[in-house]
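Colleague: Have a look at this one.
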Amino acid sequence: MDNQPSRPASVTALSTLPPTYAKSSALHGQVALAPWTPSEDGGLTVRGGADGWPWPYEVTQRVTIHDVCVRIDLALTNLADGPMPAGVGIHPWFRRPLEVRLAGSRVVPSNFDPAAEVEVVAGPLDLRRLRPVPEGLDGTWTDLGEPVVELLWPESGLRAEISLRSDAGRCVALASPGDIEAVAIEPQTHLPQGLRRLLSGVPGGLHVLAPGATLRLTTEWRFSR
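Here you go:
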């Protein structure tokens with residue numbers, strides 16, 4: 005939180021946000037299911053605010069493909085007159101069979117438990133060696149090395165390396181539900197329970213974005229055989 009605006013006073017008025025999915029929580033953010041609008045410069049744009057969130061904002065997304073590299077640029081701009089809590093991320097799924105190396109030395113072991121704290125990786129949560137992902141993981145990794153993530157599809161020999169840049173935080177959520185033949189690998193700017201972390205002053209929460217300021221997240225996906 006160093007060198008950031010003071011915590012918005014209106015944050016304290018937020019008690020609950022409408023669920024993103026039926027019988028769920030505000031999972032994956034306010035515009036997770038909102039339609040994107042193509043912009044004249046070739047990007048995509050979505051606007052958010054209201055529905056329990058008192059700050060208007062705009063998110064832009066640009067996907068660039070060059071040779072063997074896919075680059076995804078996300079930018080969230082605060083359109084409100086005051087500072088706004090902010091965070092962005094993407095949520096791709098990758099089909100199994102799949103081997104993963106995630107270069108994170110610390111992890112929040114549960115994305116849903118408000119009491120979960122950051123801990124040193126160990127056992128099934130230590131993904132720093134390329135291997136099949138154990139089923140049932142749903143956490144967020146931080147203290148990232150490079151490349152942040154390496155993927156291998158053993159049946160085809162296809163590989164991918166993922167790099168991540170942000171002007172806020174850097175972390176990667178990962179979920180490996182046993183009933184889905186895929187693994188979610190989610191680069192983002194903050195740890196789970198981001199608003200709670202901000203309100204309690206715990207590191208890793210949502211970033212406080214000044215009026216007119218923009219929060220950026222860039223991921224690059226480089227493929228090879």
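Residues 5 to 229 in the numbering used here are what the sequence shown spells out, letter by letter.
The beta carbon of each residue, even a glycine, is placed where N, CA and C say it ideally should be.
Given the structure is predicted, the values throughout are model-derived calculations rather than measurements.
#1: Less than 6 Å between C-beta atoms, sequence neighbours within five positions excluded: which residues of the same chain meet that for P196?
#2: Nearest to T218 by alpha carbon, out of N82, V72, T41 and I69?
#3: With distances taken from CA atoms, which of L48, S160, T222 and L199 is nearest W57?
#4: Skipping 5 residues on each side, what residues in its chain have a beta carbon closer than 7 Å to that of E185?
#5: Between G52 and the ligand HEM, is there a pair consisting of the residue's CB and a ligand heavy atom that are separated by less than 7 Å?
#6: Determine whether the beta carbon atoms of L221 and S167 lie at a separation below 8 Å.
#7: For L141, which residues from the same chain have a beta carbon less than 8 Å from its beta carbon, with the 5 sequence-adjacent residues on both sides left out?
#8: Closest to V92 by C-alpha separation, out of G46, D117, P136 and T193, would be which residue?
#9: How long is the line joining the alpha carbons of W59 and R226, rounded to whole angstroms?
#10: Only counting runs of 3 or more residues, tell me where the beta strand (DSSP E) segments fall wholly within the segment 111-198, in order along the chain.
#11: Distance check for A119 and I76, CA to CA, integer angstroms please.
Modeller: Taking the coordinates as given:
#1: V112, N115 and T144
#2: N82
#3: L199
#4: R99 and R100
#5: The ligand HEM is absent from the structure shown, which contains no ligand whatsoever.
#6: no
#7: P128, L129, L178, A179 and S180
#8: T193
#9: 36 Å
#10: 142-157, 162-170, 175-179 and 186-192
#11: 32 Å
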